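Chemist:
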Amino acid sequence: MSAISIRDVTKVYEGGVQALRGVSLECAAGQVSALVGRSGCGKTTLLNLCGAMDFPTTGEVRVAGQVTSKLDDAGLTHLRRTKIGFVFQFFQLLPSLTALENVELPLLLSGAKNSEAIALERLHWVGLDDKARSLPYQLSGGQMQRAAIARALVHDPAVLIADEPTGNLDNASGDIILKLIRRAADELGAAVLIATHSAEAAAIADVRVRMGDGRIEGIEC
Amino acid sequence: MLKLFRQLILRPLRRDLTRTVLTLLSIALGVAVVIAIELSGDAATGSFESSLTTLVGKVDYEITANGGVDETYIARLAALPVNARFSPVIEEPVVIIGQGSTTLYGIDLIAATTFPSRDREGADLETSAAVSSDLAARLHLHQGDPIELQGRDQTLHFTIRTIAANQNTEWVGVDIASAQRLLNMYGKLDRIEVFVSPGENAERIIKATIPATWDVQTPGARSEENSRMLRAFRWNLRILGYISLLVGAFLIYNTIAVSVVRRRTEIGILRAIGTSSRGVLLVFLGEAAMLGVIGSALGIVLGRLLAAALLGMISDTVNALFTTSTPGPIALSTASIVAALLAGTAVAFFSALIPAREAARVAPAEAMRRSIVEHETRLHIRRDLVIAACAAVIAAILCQFGPIDGRPVLGYAATLFAVAATAMLAPAFVTGLIFLLRGTLKRIAGAAGLIAGRSLVASLARTSIVVTALATAISMMISVGVMVGSFRETVQVWLDNQLRADIFVRAQGPATAGIYPPIAAPVPEIARQIPGVAEVDTLRAFEFRYEGTRATFAAGNVDIVRRRRFLRFLSGTFPGPDSAMVTEPFADKHRLHVGDVLRIPLGNRTAALKVAGIYYDYSSDRGTVLVDRSTLLNYLPDQPITNIAIYIQPGADATKIRRDLETRLRDFPLMIAPNEVLRRAAVEVFDRTFAVTYALEAVAIVVAMLGAANSLLALVLDRRREIGLIRYLGAATGQVRRMILMEAGLLGLLAGSLGLALGMALSAVLIYVVNKQSFGWTIQFHPPVLLLAGALLLVWAVTVLAGVYPTRFAAKLQPIEVIHEE
Numbered sequence: 027m028s029a030i031s032i033r034d035v036t037k038v039y040e041g042g043v044q045a046l047r048g049v050s051l052e053c054a055a056g057q058v059s060a061l062v063g064r065s066g067c068g069k070t071t072l073l074n075l076c077g078a079m080d081f082p083t084t085g086e087v088r089v090a091g092q093v094t095s096k097l098d099d100a101g102l103t104h105l106r107r108t109k110i111g112f113v114f115q116f117f118q119l120l121p122s123l124t125a126l127e128n129v130e131l132p133l134l135l136s137g138a139k140n141s142e143a144i145a146l147e148r149l150h151w152v153g154l155d156d157k158a159r160s161l162p163y164q165l166s167g168g169q170m171q172r173a174a175i176a177r178a179l180v181h182d183p184a185v186l187i188a189d190e191p192t193g194n195l196d197n198a199s200g201d202i203i204l205k206l207i208r209r210a211a212d213e214l215g216a217a218v219l220i221a222t223h224s225a226e227a228a229a230i231a232d233v234r235v236r237m238g239d240g241r242i243e244g245i246e247c
Numbered sequence: 028m029l030k031l032f033r034q035l036i037l038r039p040l041r042r043d044l045t046r047t048v049l050t051l052l053s054i055a056l057g058v059a060v061v062i063a064i065e066l067s068g069d070a071a072t073g074s075f076e077s078s079l080t081t082l083v084g085k086v087d088y089e090i091t092a093n094g095g096v097d098e099t100y101i102a103r104l105a106a107l108p109v110n111a112r113f114s115p116v117i118e119e120p121v122v123i124i125g126q127g128s129t130t131l132y133g134i135d136l137i138a139a140t141t142f143p144s145r146d147r148e149g150a151d152l153e154t155s156a157a158v159s160s161d162l163a164a165r166l167h168l169h170q171g172d173p174i175e176l177q178g179r180d181q182t183l184h185f186t187i188r189t190i191a192a193n194q195n196t197e198w199v200g201v202d203i204a205s206a207q208r209l210l211n212m213y214g215k216l217d218r219i220e221v222f223v224s225p226g227e228n229a230e231r232i233i234k235a236t237i238p239a240t241w242d243v244q245t246p247g248a249r250s251e252e253n254s255r256m257l258r259a260f261r262w263n264l265r266i267l268g269y270i271s272l273l274v275g276a277f278l279i280y281n282t283i284a285v286s287v288v289r290r291r292t293e294i295g296i297l298r299a300i301g302t303s304s305r306g307v308l309l310v311f312l313g314e315a316a317m318l319g320v321i322g323s324a325l326g327i328v329l330g331r332l333l334a335a336a337l338l339g340m341i342s343d344t345v346n347a348l349f350t351t352s353t354p355g356p357i358a359l360s361t362a363s364i365v366a367a368l369l370a371g372t373a374v375a376f377f378s379a380l381i382p383a384r385e386a387a388r389v390a391p392a393e394a395m396r397r398s399i400v401e402h403e404t405r406l407h408i409r410r411d412l413v414i415a416a417c418a419a420v421i422a423a424i425l426c427q428f429g430p431i432d433g434r435p436v437l438g439y440a441a442t443l444f445a446v447a448a449t450a451m452l453a454p455a456f457v458t459g460l461i462f463l464l465r466g467t468l469k470r471i472a473g474a475a476g477l478i479a480g481r482s483l484v485a486s487l488a489r490t491s492i493v494v495t496a497l498a499t500a501i502s503m504m505i506s507v508g509v510m511v512g513s514f515r516e517t518v519q520v521w522l523d524n525q526l527r528a529d530i531f532v533r534a535q536g537p538a539t540a541g542i543y544p545p546i547a548a549p550v551p552e553i554a555r556q557i558p559g560v561a562e563v564d565t566l567r568a569f570e571f572r573y574e575g576t577r578a579t580f581a582a583g584n585v586d587i588v589r590r591r592r593f594l595r596f597l598s599g600t601f602p603g604p605d606s607a608m609v610t611e612p613f614a615d616k617h618r619l620h621v622g623d624v625l626r627i628p629l630g631n632r633t634a635a636l637k638v639a640g641i642y643y644d645y646s647s648d649r650g651t652v653l654v655d656r657s658t659l660l661n662y663l664p665d666q667p668i669t670n671i672a673i674y675i676q677p678g679a680d681a682t683k684i685r686r687d688l689e690t691r692l693r694d695f696p697l698m699i700a701p702n703e704v705l706r707r708a709a710v711e712v713f714d715r716t717f718a719v720t721y722a723l724e725a726v727a728i729v730v731a732m733l734g735a736a737n738s739l740l741a742l743v744l745d746r747r748r749e750i751g752l753i754r755y756l757g758a759a760t761g762q763v764r765r766m767i768l769m770e771a772g773l774l775g776l777l778a779g780s781l782g783l784a785l786g787m788a789l790s791a792v793l794i795y796v797v798n799k800q801s802f803g804w805t806i807q808f809h810p811p812v813l814l815l816a817g818a819l820l821l822v823w824a825v826t827v828l829a830g831v832y833p834t835r836f837a838a839k840l841q842p843i844e845v846i847h848e849e
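As you go down the protein sequences, you meet chains A and B in turn.
Be aware that the first sequence starts at 27, since it is given in our numbering, and climbs by one per residue.
Be aware that the second sequence starts at 28, since it is given in our numbering, and climbs by one per residue.
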């Protein structure tokens, strides 16, 4: 079974804007899939549906075996806590928490034991253990994004979703981030779905999905 | 500019309607309290003009003497070569049979301008009476109705000939001779009123005719004296009102600061496309001014309503503690409306100045980042601590100085410096306490506890302001609570020592300051004859003037006082012949020490009385001079008794003795009260006195709570993206609610702790400086611990409740709405 399964999904926003038109896609565990296309082609909308942040107008989105539109609030919360990790373009770290506390947060929310130790281990995995006590404003862009990846992976999710993860970074930092994303698929077995404009990001992907005007125009492996 | 104002200010205010309403209410309540205190204070102190004006005409002078005026001087004055009329006046309490007591005026009815001319000529003057319209309305009296009046030891019948319209007080007027007969005041008057023809200067010749110990003053002087007596009381109330406004000012600062932070992106964009910094400044000041005007207007309406509620409480206090006064109507003049609008708007305007200047000062790029103020607040913690220490030291120094013009001005200034010290201490306190609690918060509440604490510190400037505002309101509650609690305990102990007799007797009449209706002469001896009575102590008290202020002169049996009561002396001891003991407030007001000589006009002579002792007394802040009865009789013979204290033999049946007393004295208009009843009544008067204080405290707390709710809502609105992210990362709605409520609880804990410390400091200022300098009393420090703990807990609980509405908002946030915002 695919970690992410999208079947004939459309998404129409209020005002009649059709962001997705009959999209179908499967993402397997351990596989990196890159969504490429111009701004406004529907990449972010598709990511939001896969991240259980939004729901299709028609069609079905299944994440880790669960149809997202059939889940209630508690079900969605559980899904996000256990199966999904999301990496944002603008990092989205909580500015008042240290790097370690940001990474630890999903575990604290789910009531996991030894949350601090697990978070420290994940920070080590992304090479940021020396910055554990730093606040976000004390980190560079690349360091912040590494901390965000650590947070997204701290609960060993089945699915990792990344929206333009290198969009705000220089080339060197971007490379480090892409390597980590690749490792997430290879070492942790996560199904990774990235939305990107970057050729380098597309280059690490196993599958490149070309999107245009809310449709999938082509898939390259 | 107007378009900018509409887009940047009006639209967001409409969008955040709840916060806008909360801000307006905060301003309105602060202004309402200040207005209500002024209006009700003016009305409660009412008119000190004589109610006789409509009956006898406008008085030019009043001739008075301590202990009463000798009637024979009327004839001497009437013979003077001046165009003036001299009218005798008696003003005493009297009992209307079956209806209770009222004020009796005895006047020359022949000269009374509004009295029916038939009665002025006819023989019915002896039995004619006038009543005020208020009294007539209450007792359903009409012209021609009979009315029975009971004086000291007889009852006389009168017929109502006139009802004096447009009176705001209750009284009965009879002819002077009838009044003297009724009250057994033959040859005596309370004063002589003088009516002088226009252009006539009679004061010098009058003064040359009467004894040097008598006073000639204009009626306005008495009003002025009364106003001075009430000044300290009114100022203390005003300060309580200003504290509510100060709490409101903190919260307006916070509101505008939040406005600036939330619109920093728009400000940045506007500045980037060419809006001047002056334009940005004016826009935010305009917001503050608009909120100030609307809030003040609302406050005026609320204030008028609150004034009506406060009037009764303040009036009770004025009458019980200071002087007789009849409340006048509450008059909301154009001047007071304009003053209130200006004050409220000015407070809003100046409170907004700092955040508005911050908005105007930042460069476009910086406006896109998080507020500079938050960063600077963290940066300047050490500097602010030093300023806090300096302010605290200044406050302590100011407390060492005495009153200015009888007012504890420097004491009030000390309280302001103490509040300023708290405001500067707040950032360090917030940071420090959250740091200390960080492990505990995470351990007991997980993510909610961790984020709640960190969020408050992250918004340090705003958190500090809210904490300071709440702490100020809480400190007011604590300090007044401690002061009143200490005062109550001090008074209770004093009552235990002072009220040692078993039964107390006084004449029927209002229990107001300065009024001592005389008791009929046979009463003490009748009491002594009752089996079981061990001793009867009698007292003659009357109001007198000393160095321009009014006080009580009392003469009793010093030997009985020495044996039976436990007076506590500040210094000295009981007086002997030609000496006196004075109360602490009297000594304080007139800067007296043991050994000083008091020169008090009594009758036609001046008594030189050495101060033998100064003792603690809490019956009135007017002050009392107490001598042995024999000393008074040297100067004023034939003095009636005004108070009786009866001591019964050990083991005797007190209830039986009291019933016996009531039976034997039933023909006299007396009030007979056992010790416990009088003690309870004294405490009730005390509690009623401070009812208005409690009411004002409650308003300050409400203002602070509104501000807390407003600020919590602002914190939530400002962190929509963060809350959406936390929801996305796996927070259930219950966890988000818990997080917000924890923030509210932490705010309450921070404010409560700081407020408690500030409150204890302010209570010391209130007890040892403000109260001492205002009224002259020494109060022992007795904080009502349980009551304060309960009040603090309640305030904390209400602060947590203030977080409920923001939690509903936060819990509804969907990640998709906010996460991708930048």
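Cβ atoms here follow ideal geometry from the backbone N, Cα and C, with glycine treated the same way.
Please read all numbers here as calculations on a predicted model, not as lab measurements.
How big is the Cα-Cα spacing for Thr36(A) and Leu828(B)?
Modeler: 44 Å
Chemist: Closest to Ser624(B) by CA distance: which of Met608(B), Arg632(B), Pro225(B) and Val520(B) is it?
Modeler: Inspection of the sequence shows that residue 624(B) is occupied by Val rather than by Ser. Comparing Cα positions, the closest option is Met608(B).
Chemist: Identify which residue in Ala138(A), Thr124(A) and Gln164(A) has its Cα closest to the Cα of Leu149(A).
Modeler: Thr124(A)
Chemist: Mapping DSSP to helix, strand and coil, what is Gly433(B)?
Modeler: In this structure, DSSP gives Gly433(B) a state outside helix and strand, which the three-state scheme calls coil.
Chemist: Check whether the segment 171–189 of chain A touches the segment 204–215 of chain A, taking contact to mean three or more Cβ pairs, one atom from each stretch, closer than 8 Å.
Modeler: Touching, per the Cβ criterion.
Chemist: Determine the chain B residues that contact Glu127(A) at a beta-carbon separation under 7 Å, and present them in chain order.
Modeler: Ordered by position in chain B, the residues that pass the 7 Å Cβ test against Glu127(A) are Leu477.
Chemist: Is it right to say Tyr163(A) is buried, meaning 16 or more other beta carbons lie within 10 angstroms of its own, or is it exposed?
Modeler: exposed
Chemist: Please compile the residues from chain B whose C-beta is within a distance smaller than 9 Å of the C-beta of Ser95(A).
Modeler: Simply none; closest approach about 13 Å.
Chemist: Measuring only between beta-carbons, confirm whether Gln118(A) sits less than 7 Å from chain B.
Modeler: So, interface residue.
Chemist: Take Asp34(A) and list the residues in its own chain whose beta-carbon comes closer than 8 Å to its own, dropping the five residues that flank it on each side.
Modeler: Result list for Asp34(A): Gly48, Val49, Ser50, Thr84, Gly85 and Glu86, in chain order.
Chemist: Give, in chain order, every unbroken run of the alpha helix (DSSP H) that is at least 4 residues long and sits entirely within the segment 674–738 of chain B.
Modeler: 681–691 and 702–716
Chemist: Can you confirm whether Pro833(B), when its beta carbon is compared against all beta carbons of chain A, has any partner nearer than 7 Å?
Modeler: no
Chemist: Report buried or exposed for Gly41(A), applying the criterion of at least 16 other Cβ atoms within 10 angstroms of its Cβ.
Modeler: exposed
Chemist: Among Gly779(B), Val797(B), Ser738(B) and Leu813(B), whose alpha-carbon lies nearest the alpha-carbon of Thr45(B)?
Modeler: Cα-wise, what sits closest to Thr45(B) is Ser738(B).
Chemist: Who are the Cβ neighbours of Asp236(B) in its own chain at under 7 Å, not counting the five residues just before and after it?
Modeler: Before going further, note that residue 236(B) is Thr rather than Asp in the sequence given. Cβ within range, chain order: Arg103, Leu104 and Leu107.
Chemist: Does the count of Cβ pairs from the segment 510–519 of chain B and the segment 794–806 of chain B closer than 8 Å reach three?
Modeler: Judged by pairs of C-beta atoms under 8 Å, the segment 510–519 of chain B touches the segment 794–806 of chain B, as three or more such pairs exist.
Chemist: Per the DSSP calculation, Ala655(B) is bridged to which residue(s)?
Modeler: Inspection of the sequence shows that residue 655(B) is occupied by Asp rather than by Ala. Partner(s): Gly583(B).
Chemist: Give the DSSP-derived three-state secondary structure of Asp217(B) in the structure shown.
Modeler: coil
Chemist: According to the Cβ coordinates, are Asp242(B) and Thr91(B) closer than 7 Å?
Modeler: yes
Chemist: Check the Cβ of Asp34(A) against every Cβ in chain B and list those closer than 7 Å, keeping chain order.
Modeler: By Cβ distance, chain B contributes nothing, its closest Cβ being about 21 Å from Asp34(A), past 7 Å.
Chemist: What residue range does the beta strand (DSSP E) around Pro225(B) cover?
Modeler: It is not in any beta strand (DSSP E) - Pro225(B) carries neither H nor E in the DSSP assignment.
Chemist: Return the CA-CA distance between Ala198(A) and Leu756(B), expressed in angstroms with no decimal places.
Modeler: 28 Å
Chemist: Could you check the C-alpha separation between Lys799(B) and Gly772(B) for me, to the nearest Å?
Modeler: 37 Å
Chemist: List the residues of chain A whose Cβ lies closer than 7 Å to the Cβ of Ala759(B), in chain order.
Modeler: Ala100 and Thr103
Chemist: For the segment 488–505 of chain B and the segment 722–742 of chain B, state whether three or more C-beta atom pairs, one from each stretch, are separated by less than 8 Å.
Modeler: yes
Chemist: Consult DSSP for Thr83(A) and reduce its assignment to one of helix, strand or coil.
Modeler: coil
Chemist: Assign Met504(B) to one of three DSSP states: helix, strand, or coil.
Modeler: helix
Chemist: Starting from the C-beta of Asp151(B), find all residues in its chain whose C-beta is less than 6 Å away, skip the five residues before and the five after it, and write them out in chain order.
Modeler: none
Chemist: May I ask you to list the residues that DSSP assigns as paired with Ser26(B)?
Modeler: Since the first residue shown for chain B is 28 and the last is 849, residue 26(B) is missing from the structure and cannot be characterised.
Chemist: Please state the DSSP three-state secondary structure of His184(B).
Modeler: strand
Chemist: Does Leu123(A) get closer than 7 Å to chain B when you measure Cβ to Cβ?
Modeler: Proximity of Leu123(A) to chain B, defined by a Cβ-Cβ separation below 7 Å, is satisfied.
Chemist: Does Asp80(A) have its Cβ less than 7 Å from a Cβ in chain B?
Modeler: yes
Chemist: Could you round the C-beta distance between Gly559(B) and Gln676(B) to whole angstroms and report it? I think they count as a contact, below 8 Å.
Modeler: Going by Cβ atoms, the distance from Gly559(B) to Gln676(B) rounds to 6 Å, so yes, they are a contact pair.
Chemist: What residues of chain A sit near Ser738(B), judged by a beta carbon separation below 7 Å?
Modeler: Around Ser738(B), no beta-carbon contact reaches into chain A at under 7 Å, the shortest distance being about 17 Å.
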